[in-house]
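> Quick note, the sequences are listed as chains A and B, same order. Numbered per our numbering, the first sequence spans residues 17 to 441. Numbered per our numbering, the second sequence spans residues 25 to 190. From the three backbone atoms N, C-alpha and C, an ideal C-beta is built for every residue, glycine too.
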Amino acid sequence: MTENIFADAPADLVLADRVAGRLYTDPEIFEQEMTRIFERTWVWVAHESELPGPGTFKSTYVGRQPVIVSRDRKGALHTLLNRCRHRGASLCEKPRGKANGFTCPYHAWSYGLDGTLRGIPYPDGYEGVADKKDLSLRKLRTESYGGMVFATFDEGIEPLADFLGDAKLWLDRFMKQGGGYPIKVLGKHQFRFRGNWKIQLENTTDGYHFPIVHRSWMASVDAETADMMSFMTDPAAITHALGNGHSVMQMVPEHSDLDADDGSEPLQARFDHVVAELSKTLDDAAVRKLVRAMHGTGFNLNLFPNVSMSAAFFRVLRPISVDETLIEHIAIGPDGPPELDVVNRERLRIHEHFQGPFGFGTPDDAEGWDRVQRGAQAAPDMPILVNRGLGREKDDEHGWPTAHVTDETGMRAAYRMWKQMMSDD
Amino acid sequence: MTDTITVPLTDVRVARAVELVWREAELLDRKDYLVWQELYTDDARYIVPIDPDTEDFPGTLNMIYDDARMRAMRVTRMTEGYAIAAVDAARTVRTVSRFVPETVTDTEVVLRSAQVLIAYKRGRHDIWAADVRHRVRLSDSGDRIAEKVVRLVDSEDAVPAAGFLL
Numbered sequence: 017m018t019e020n021i022f023a024d025a026p027a028d029l030v031l032a033d034r035v036a037g038r039l040y041t042d043p044e045i046f047e048q049e050m051t052r053i054f055e056r057t058w059v060w061v062a063h064e065s066e067l068p069g070p071g072t073f074k075s076t077y078v079g080r081q082p083v084i085v086s087r088d089r090k091g092a093l094h095t096l097l098n099r100c101r102h103r104g105a106s107l108c109e110k111p112r113g114k115a116n117g118f119t120c121p122y123h124a125w126s127y128g129l130d131g132t133l134r135g136i137p138y139p140d141g142y143e144g145v146a147d148k149k150d151l152s153l154r155k156l157r158t159e160s161y162g163g164m165v166f167a168t169f170d171e172g173i174e175p176l177a178d179f180l181g182d183a184k185l186w187l188d189r190f191m192k193q194g195g196g197y198p199i200k201v202l203g204k205h206q207f208r209f210r211g212n213w214k215i216q217l218e219n220t221t222d223g224y225h226f227p228i229v230h231r232s233w234m235a236s237v238d239a240e241t242a243d244m245m246s247f248m249t250d251p252a253a254i255t256h257a258l259g260n261g262h263s264v265m266q267m268v269p270e271h272s273d274l275d276a277d278d279g280s281e282p283l284q285a286r287f288d289h290v291v292a293e294l295s296k297t298l299d300d301a302a303v304r305k306l307v308r309a310m311h312g313t314g315f316n317l318n319l320f321p322n323v324s325m326s327a328a329f330f331r332v333l334r335p336i337s338v339d340e341t342l343i344e345h346i347a348i349g350p351d352g353p354p355e356l357d358v359v360n361r362e363r364l365r366i367h368e369h370f371q372g373p374f375g376f377g378t379p380d381d382a383e384g385w386d387r388v389q390r391g392a393q394a395a396p397d398m399p400i401l402v403n404r405g406l407g408r409e410k411d412d413e414h415g416w417p418t419a420h421v422t423d424e425t426g427m428r429a430a431y432r433m434w435k436q437m438m439s440d441d
Numbered sequence: 025m026t027d028t029i030t031v032p033l034t035d036v037r038v039a040r041a042v043e044l045v046w047r048e049a050e051l052l053d054r055k056d057y058l059v060w061q062e063l064y065t066d067d068a069r070y071i072v073p074i075d076p077d078t079e080d081f082p083g084t085l086n087m088i089y090d091d092a093r094m095r096a097m098r099v100t101r102m103t104e105g106y107a108i109a110a111v112d113a114a115r116t117v118r119t120v121s122r123f124v125p126e127t128v129t130d131t132e133v134v135l136r137s138a139q140v141l142i143a144y145k146r147g148r149h150d151i152w153a154a155d156v157r158h159r160v161r162l163s164d165s166g167d168r169i170a171e172k173v174v175r176l177v178d179s180e181d182a183v184p185a186a187g188f189l190l
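(1) Taking A/Glu159 as the query, report the chain B residues whose CB atoms sit under 8 Å from its CB, ordered along the chain.
(2) What number of angstroms, rounded off, separates the C-alpha of A/Glu344 from the C-alpha of B/Val36?
(3) Would you say A/His367 reaches chain B, if we count a Cβ-Cβ gap shorter than 8 Å as a contact?
(4) Going along chain A in order, which residues have a C-beta closer than 8 Å to the C-beta of B/Asp112?
(5) Enumerate in chain order the residues of its own chain whose CB-to-CB distance from B/Asp33 is below 8 Å, with the five nearest sequence positions on each side excluded.
(6) In the DSSP assignment, find the unbroken beta strand (DSSP E) run with B/Arg148 in it and report its ends.
(7) Would you say A/Thr341 and A/Gly211 are within 8 Å of each other, going by their C-beta atoms?
(8) So what's A/Gly261 in DSSP terms, helix, strand or just coil?
(9) At the level of alpha carbons, what is the spacing between A/Asn260 and A/Ile45?
(10) With 16 as the cutoff for other CB atoms within 10 Å, does A/Val78 come out buried or exposed?
(11) Let me know the secondary structure DSSP gives B/Arg122 once reduced to three states.
(12) Can you tell me where the beta strand (DSSP E) holding A/Tyr77 begins and where it ends?
(13) According to DSSP, is A/Trp60 helix, strand or coil?
(14) Could you tell me which of A/Ser106, A/Ala285 and A/Gly71 sits nearest to A/Leu97, measuring between CA atoms?
(15) What are the residues in the region 305 to 330 of chain A lying within 9 Å of chain B by C-beta distance?
(16) Helix, strand or coil: which one does DSSP assign to B/Glu132?
(17) Output, in chain order, the set of chain B residues within a Cβ distance shorter than 7 Å of A/Asp380.
(18) Using a Cβ cut-off of 8 Å, pull out every chain A residue sitting near B/Val183, in sequence order please.
(19) Run through chain A and tell me which residues come within less than 7 Å of B/Pro82, C-beta to C-beta.
(20) For the region 74 to 114 of chain A, which segments carrying the beta strand (DSSP E) assignment without a break, of at least 3 residues, lie completely within its bounds, in sequence order?
(21) By DSSP, does A/Thr221 sit in helix, in strand, or in coil?
(22) With a Cβ-Cβ cutoff of 8 Å, do A/Asp170 and A/Arg56 count as a contact?
(23) Compare the C-beta of A/Ala347 with all C-beta atoms of chain B and state if any pair is closer than 8 Å.
(24) In chain B, which residues lie less than 9 Å from A/Val61 when you measure between Cβ atoms?
(25) Closer than 8 Å by beta-carbon distance: list the chain A residues that pair up with B/Gly187, in chain order.
(26) Relative to the alpha-carbon of A/Gly375, which residue among B/Arg146, B/Tyr64 and B/Arg95 has its alpha-carbon at the smallest distance?
(27) May I ask you to list, following chain order, the residues of the region 88 to 99 of chain B that have a beta carbon less than 8 Å from some beta carbon of chain A?
(28) Strictly by DSSP, which residues pair up with B/Lys172?
(29) Taking C-beta pairs closer than 9 Å, name the residues in chain A that B/Leu51 reaches, listed in chain order.
(30) Based on Cα-Cα distance, which residue from A/Cys100, A/Thr132 and A/Asp140 lies nearest to A/Pro121?
(31) Please report the straight-line C-alpha distance between A/Lys155 and A/Val85, rounded to a whole angstrom.
(32) Cα-Cα, which of B/Val72, B/Val134, B/Thr103 and B/Tyr89 is closest to B/Val45?
(33) Taking 8 Å as the threshold (beta carbon to beta carbon), is A/Ala285 in contact with chain B?
(34) I'd like to know whether the C-beta of B/Ile74 is nearer than 8 Å to at least one C-beta of chain A.
(35) Evaluate contact between the region 58 to 73 of chain B and the region 166 to 173 of chain B, counting only Cβ atoms and requiring at least three cross-stretch pairs below 8 Å.
(36) Identify the residues that DSSP records as bridge partners of B/Ala138: which are they?
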């Protein structure tokens, strides 16, 4: 950074140990982020369980652009710009549903589930001036891994699996919280905060704030749960940078791989009623697997730029403007027979307790983020520090930069990716 | 049970329920949560659902689904001084009106109403509009709320994270 940071290119505002406050406040930087990051990389759009069968769809966004994610009759997933090719009206305003296709309410141009233009009313006016085959909905490249569906505007980008790279191992581990069953979406909370999207991106890899911001939540849970989250002084609790801006923060290392269970950890007494109910139909090992995963996995996997797989839910961010961001907290649970309802009901209650707009955690997080945005208006040339633990960060045996869970290793990783993408031409 | 249409708001049982709902509104605006929680029966639920149509609250994700234990913890959170969102909560003024008695007996009144809440914080006013349903248990020893369901008009959309209660 130079003395006058307003003369610097955005990429020069990110150093190894600090970023300029201007990164949160400059509308021009925000516009560049939308095209250089959100329209160039893999952006999370859905979990496959949200599109359970042919004709199911959900509406969402890639960056600021509205899209429909659909499943066609053959089971293939598509991400379609939610914009009629005729005059630009949005085709679908339902958050989710089932359909045979999408018909524009304005002039009734109709499209198939894969975006193909099927019909134009009174087509004689288009003879010789338009060919239906050129007027399909604009389609984004769509790929999924482990049930997580991503889309990108960039046709030439590397395959999703390559982009995820070393994060794939952690993604696989995250899905083990199904306890032997696949994962499904149970519902979602949505809230807005008046701050830049990167403030939230940082938060899911910020172990340092937890006991301070979430003191009231810690006081409200039983001693076993509080003890499980007492990672501040646990040297085994560490964060790895995984490449491409992704990172994983292990708060409860003994739950990082839920299959690794020597049977010595007692199940939490608060779930006794779940154990009793499940034991009517499942054997002890199956019950233990489901109950041990009640709080999810013991880590947050931060995937650059818009989704983290955190403990027992997905956290999705959507940038709205330089100083407004929308967050979804998506509750997940095992997708199994009705006997598992007792598990998923308990998981819903745990999710409500912390994650909702009236939860015991989210409002406090949002207040913290709001404060960062307000404070960063003061001297936007002053840096935001991301240097915690820089002196003790070392590559581990996988070559992943690693430091304590309270260190800012994950943030530094995300900003390295940000810097690379913002300086790419 | 008496049919809703035949019971006027001037019915003394309905008037008692309305009075309780108004008293609750004022306590919430004053953030007098310790007194507020005493308005509820021990078996009461305080619910802010996401799905606008559901009655299966335990089986779906809600914004709030509180039994007595959760309500007590919530009051602790709102009053202990450690929750930064509660310490710096918006000031609120709410109006509850458009009362419709749904069912009326000598022991219980189910009352529907509209609530418009204005929250002010740091130069900004947010509007929270909701349909509300109170189940009020009438008793000589004091009327109490046995269930409250707050259905926000934008419950399926993104609302601000709040440091106050609806």
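Taking the definition as stated:
(1) None at all; the shortest Cβ gap to chain B is about 27 Å.
(2) 45 Å
(3) yes
(4) Glu383
(5) Note that residue 33 of chain B is Leu in the sequence shown, not Asp. Result list for B/Leu33: Ala39, Val42, Phe123 and Pro125, in chain order.
(6) Arg148 to Arg161
(7) yes
(8) coil
(9) 20 Å
(10) buried
(11) strand
(12) Thr72 to Val78
(13) strand
(14) A/Ser106
(15) none
(16) strand
(17) Ala107, Ile108 and Ala109
(18) Gln206, Phe207, Arg208 and Pro373
(19) Arg361
(20) 81 to 87, 93 to 97 and 112 to 114
(21) coil
(22) yes
(23) yes
(24) Going along chain B, no residue has its Cβ under 9 Å from A/Val61, so there is no contact; the nearest lies around 17 Å.
(25) Pro379 and Glu383
(26) B/Arg95
(27) Ile88, Tyr89, Met94, Met97 and Arg98
(28) B/Tyr70 and B/His158
(29) Ordered by position in chain A, no residue passes the 9 Å Cβ test against B/Leu51, which lies about 17 Å from the chain.
(30) A/Cys100
(31) 10 Å
(32) B/Val134
(33) no
(34) yes
(35) yes
(36) B/Ser121 and B/Asp155
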